[in-house]
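*Asks:* From first to last, the protein sequence lines are chains A and B.
In terms of the working numbering, the first sequence opens at residue 1 and continues consecutively.
In terms of the working numbering, the second sequence opens at residue 339 and continues consecutively.
There are 2 protein chains.
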Amino acid sequence: MSQTQRRFVVARVPTGALTADCFRLEDAPVPEPKEGEVLLRSLYVSLDAANRAWMQGATYRAAVEPGSVMAGGALGEVVASRHPQFKPGELASGDLGWQEYSAVPGKALLKETRVEPLSHLQSVYGITGLTAYFGLLEVGQPKAGETLVVSAAAGAVGNVVGQIGKILGCRVVGVAGGDAKCHWLTETLGFDAAVDYKAGPMYKSLKAACPQGIDVYFDNVGGDVFEAALFQMNARGRIACCGAVSGYDSAPPPHGPRGVPGMIVVKRLTVRGFIVMDFFARRAAALAQLQAWVRDGKIRVVEDVIDGFENLPQALVGLLHGENRGKRMVKVRGQVLH
Amino acid sequence: MSQTQRRFVVARVPTGALTADCFRLEDAPVPEPKEGEVLLRSLYVSLDAANRAWMQGATYRAAVEPGSVMAGGALGEVVASRHPQFKPGELASGDLGWQEYSAVPGKALLKETRVEPLSHLQSVYGITGLTAYFGLLEVGQPKAGETLVVSAAAGAVGNVVGQIGKILGCRVVGVAGGDAKCHWLTETLGFDAAVDYKAGPMYKSLKAACPQGIDVYFDNVGGDVFEAALFQMNARGRIACCGAVSGYDSAPPPHGPRGVPGMIVVKRLTVRGFIVMDFFARRAAALAQLQAWVRDGKIRVVEDVIDGFENLPQALVGLLHGENRGKRMVKVRGQVLH
Chain A
1 MSQTQRRFVV
11 ARVPTGALTA
21 DCFRLEDAPV
31 PEPKEGEVLL
41 RSLYVSLDAA
51 NRAWMQGATY
61 RAAVEPGSVM
71 AGGALGEVVA
81 SRHPQFKPGE
91 LASGDLGWQE
101 YSAVPGKALL
111 KETRVEPLSH
121 LQSVYGITGL
131 TAYFGLLEVG
141 QPKAGETLVV
151 SAAAGAVGNV
161 VGQIGKILGC
171 RVVGVAGGDA
181 KCHWLTETLG
191 FDAAVDYKAG
201 PMYKSLKAAC
211 PQGIDVYFDN
221 VGGDVFEAAL
231 FQMNARGRIA
241 CCGAVSGYDS
251 APPPHGPRGV
261 PGMIVVKRLT
271 VRGFIVMDFF
281 ARRAAALAQL
291 QAWVRDGKIR
301 VVEDVIDGFE
311 NLPQALVGLL
321 HGENRGKRMV
331 KVRGQVLH
Chain B
339 MSQTQRRFVV
349 ARVPTGALTA
359 DCFRLEDAPV
369 PEPKEGEVLL
379 RSLYVSLDAA
389 NRAWMQGATY
399 RAAVEPGSVM
409 AGGALGEVVA
419 SRHPQFKPGE
429 LASGDLGWQE
439 YSAVPGKALL
449 KETRVEPLSH
459 LQSVYGITGL
469 TAYFGLLEVG
479 QPKAGETLVV
489 SAAAGAVGNV
499 VGQIGKILGC
509 RVVGVAGGDA
519 KCHWLTETLG
529 FDAAVDYKAG
539 PMYKSLKAAC
549 PQGIDVYFDN
559 VGGDVFEAAL
569 FQMNARGRIA
579 CCGAVSGYDS
589 APPPHGPRGV
599 PGMIVVKRLT
609 VRGFIVMDFF
619 ARRAAALAQL
629 QAWVRDGKIR
639 VVEDVIDGFE
649 NLPQALVGLL
659 HGENRGKRMV
669 KVRGQVLH
């Protein structure tokens, strides 16, 4: 199988905002799977703010270094397998990287059950949906009648968090950038209110949207939005720290939000970071619940699918600029190997 | 009983560091208890950093306003009672304020069992000891072999936190101001290491004291110490937010610690504020455990008792400057009423 494929290598680590020329497209041989590995053809590559964070240094995974294939989650179809649990034609997801074909240890893969459309395995039934589900339910612990605020609310995780909040009977307030997104959150997704963080200091608009204060804040962004929410938390409130995208695409911020730890003490808050894998022991039950909600029309699946492998760098740059609504992914149309 | 007593009234709210002239000593009539109230003679008045925080605005209690008697916890002896659960000669604690005699609703009082010496009811068996106990065990959740860092470690709560940490088998590192306190923590209280936050930027000295990173940080101070600890937390670490004394005695800090929420996400930390009353359902069991540890010589009770009611303002000012080791309180020698 000495065929060639395309891949993106990290050309340089950005110091400020990410640009597409931080990546270099190159041809490379399709790899041969070693013992225990699986050869996959990527179908959908996930774009995530975390991709950018990985370029800043070590996080819950090693940093992405210049010269290496760009890291990224993807859904792939098994082409060949030297791992007993995977057979050709099956689906699997994992960190396949920004390449059309990858050879990955079977133990680093998650087997996926085929659904229609397949893209849902990267959105509501993928890391995105599960992050929303576990982060909100396990970390946020919302109760009916409470006020839930979610930032990056029109984004991949945020929109699902808000929709689950509505199912649970919360007052749901989304924070998003721009009037169009805010309008979409309330009119199309059924949020109770939306606050535009680009329309100037948002403390007052957030307060107007949360007349009873905030019980649960699902934070995807950090920075000024975190600070505005922190000061409006109710006693015994919970902040689920899912990401800090406001700090990913630039040098580290010179200071953190005011009110830390003072507000945390005075209001007896719980502020907790998590990654979705912490809860994977209960993945099957979570997926069953998400599938039921989608089937019953309670969750609208919002996807932003960009066609063509070559568009990956620009797709990530755009995501960091807030272009997307819902889950952004790139559809790969690699030739099927024989 | 139209006798007079002494009390301290808040003369003005400080804008910067607290000074003794923010309080005014005045004579006032000993109050008559109303139906449901108890008349108490104060024996020991507790000095707490929280006293200063109450002068900054509403916290978990209403702000202390000019013209009112200064608020403060105290241990008192019942002189007269119009509440069925209290009898003359019994002991009770509560917010009796900075006055020799107080009439307080019985339901706002906690009955205390006489111990020898009585001062222990304000230190290890009072709010102080219980805050250390519940904050460390319930919020910090330390395990044997883990590294525990506690700030304001020579203070009332901090020294007990560290001593309990040693009982539980943790590596205990105290942060305190000055070489003398640090030496005392390691030589007298048995801490494994101590870091002097006054000896310059403490990131490196903290790192040297915590070669395995930090699993539990018990925070009494906020600010730079919080930031230094945050960046050295291990994955799934816990930060118990007990107070933020670094920000109490000055205008609010212009910024919060860096790394919030980024470090919280990446390291999946739990950062939780608490007040001791949240755990009072289990107060009796906690007291029994503390008493056993004191009896067995595992906890050394450290008290800083200042004689004379008139010394209250200076005692608080000094506490905020870090004068004390262990629990500071003022012993009141009010005349016994007949």
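For every residue, glycine included, the Cβ atom is placed at its ideal position computed from N, Cα and C.
1. I want to see whether chain A comes within less than 7 Å of residue 582 of chain B, judged by CB atoms only; does it?
2. For the segment 204-230 of chain A, list every residue whose C-beta sits within 7 Å of some C-beta in chain B, in sequence order.
3. Is there contact between the segment 436-447 of chain B and the segment 358-369 of chain B, where contact requires at least three CB pairs shorter than 8 Å?
4. Our contact map puts residue 139 of chain A next to residue 240 of chain A with C-beta atoms below 8 Å; I'd like the distance itself, whole angstroms only.
5. Mind checking residue 648 of chain B: buried by the 16 CB within 10 Å criterion, or exposed?
6. Could you compute how far the alpha carbon of residue 573 of chain B sits from the alpha carbon of residue 81 of chain A?
7. Please go through the segment 165-236 of chain A and give each complete alpha helix (DSSP H) segment of 4 or more residues, from N-terminal end onward.
8. Is it true that the CB of residue 501 of chain B sits closer than 7 Å to the CB of residue 637 of chain B?
9. Looking at residue 9 of chain A and residue 106 of chain A, is the spacing between their C-beta atoms short of 7 Å?
10. Could you list the residues in the segment 530-542 of chain B with a C-beta less than 7 Å from some C-beta on chain A, going in chain order?
11. Going by CA-CA distance only, name the one from A/333, A/332 and A/328 that's closest to residue 49 of chain A.
12. Would you verify that the beta carbon of residue 261 of chain A is, or is not, closer than 7 Å to some beta carbon of chain B?
13. Hey, is the segment 200-216 of chain A in contact with the segment 145-158 of chain A, meaning 3+ C-beta pairs nearer than 8 Å?
14. Using a Cβ-Cβ distance under 7 Å, would residue 339 of chain B count as near chain A?
15. Counting pairs of beta carbons, one from the segment 258-267 of chain A and one from the segment 551-562 of chain B, are three or more of them closer than 8 Å?
16. Touch check for the segment 245-257 of chain A and the segment 175-189 of chain A: three-plus C-beta pairs under 8 Å?
17. Under 7 Å between the Cβ atoms of residue 43 of chain A and residue 75 of chain A?
18. Rounded to whole angstroms, what's the CA-CA distance from residue 400 of chain B to residue 432 of chain B? Just pull it up for me.
19. Any C-beta of chain B sitting closer than 7 Å to the C-beta of residue 258 of chain A?
20. Counting only beta-carbon atoms, is residue 579 of chain B nearer than 7 Å to chain A?
21. What does the alpha-carbon distance come out to for the pair residue 304 of chain A and residue 126 of chain A?
22. Suppose the cutoff is 8 Å on Cβ atoms and the five residues either side in sequence are ignored; what does the same chain contact list for residue 473 of chain B look like?
23. DSSP on residue 641 of chain B, reduced to helix/strand/coil?
24. Using a Cβ cut-off of 7 Å, pull out every chain A residue sitting near residue 593 of chain B, in sequence order please.
25. Alpha carbon to alpha carbon, how far is residue 493 of chain B from residue 513 of chain B?
26. May I ask which residues mark the beginning and end of the alpha helix (DSSP H) holding residue 470 of chain B?
27. Please say whether residue 271 of chain A and residue 123 of chain A have beta carbons closer to each other than 7 Å?
28. Identify the residues that DSSP records as bridge partners of residue 151 of chain A: which are they?
29. May I have the straight-line CA-CA distance separating residue 402 of chain B from residue 362 of chain B, to the nearest angstrom?
30. Use the C-beta contact count for residue 212 of chain A: other C-beta atoms within 10 angstroms, 16 or more gives buried, fewer gives exposed.
31. Since I believe residue 378 of chain B is in contact with residue 417 of chain B (beta carbons under 8 Å), could you give me their beta-carbon distance rounded to a whole number of angstroms?
32. Along chain A, in chain order, which residues have C-beta atoms closer than 8 Å to that of residue 616 of chain B?
33. If you measure between the beta carbons of residue 552 of chain B and residue 567 of chain B, is that distance less than 7 Å?
34. Exposed or buried, residue 384 of chain B, counting other C-beta atoms within 10 Å across all chains shown (16 or more means buried)?
35. Residue 256 of chain A and residue 596 of chain B: beta carbons closer than 7 Å?
36. Hey, quick one: how far does the beta strand (DSSP E) through residue 366 of chain B stretch, first residue to last?
*Replies:* So, to answer that:
1. For residue 582 of chain B, the answer is yes, since a Cβ of chain A falls inside 7 Å of its Cβ.
2. 219, 222 and 226
3. yes
4. 4 Å
5. exposed
6. Whole-angstrom Cα-Cα distance: 34 Å.
7. 179-187, 203-209 and 223-230
8. yes
9. no
10. So the list is empty, because no residue satisfies the distance condition.
11. A/328
12. yes
13. yes
14. The predicted position of residue 339 of chain B is uncertain, since its pLDDT is 48 and thus under 50; no value can be drawn from it.
15. yes
16. no
17. yes
18. 15 Å
19. yes
20. yes
21. Roughly 14 Å between the two C-alpha positions.
22. The residues 495, 499, 556, 578, 580, 612 and 614, in chain order, have a CB closer than 8 Å to that of residue 473 of chain B in the same chain once the five nearest residues on each side in sequence are set aside.
23. In the three-state DSSP reduction, residue 641 of chain B falls in the strand class (E or B).
24. 255, 256 and 258
25. 10 Å
26. 465-472
27. Result no, Cβ atoms of residue 123 of chain A and residue 271 of chain A do not sit closer than 7 Å.
28. Looking at the DSSP assignment, residue 151 of chain A forms a beta bridge with A/175.
29. 14 Å
30. exposed
31. 6 Å
32. Within chain A, 268 have C-beta atoms less than 8 Å from the C-beta of residue 616 of chain B, given in sequence order.
33. yes
34. buried
35. Taking a C-beta distance under 7 Å as the contact criterion, residue 256 of chain A and residue 596 of chain B qualify as a contact pair.
36. 361-367
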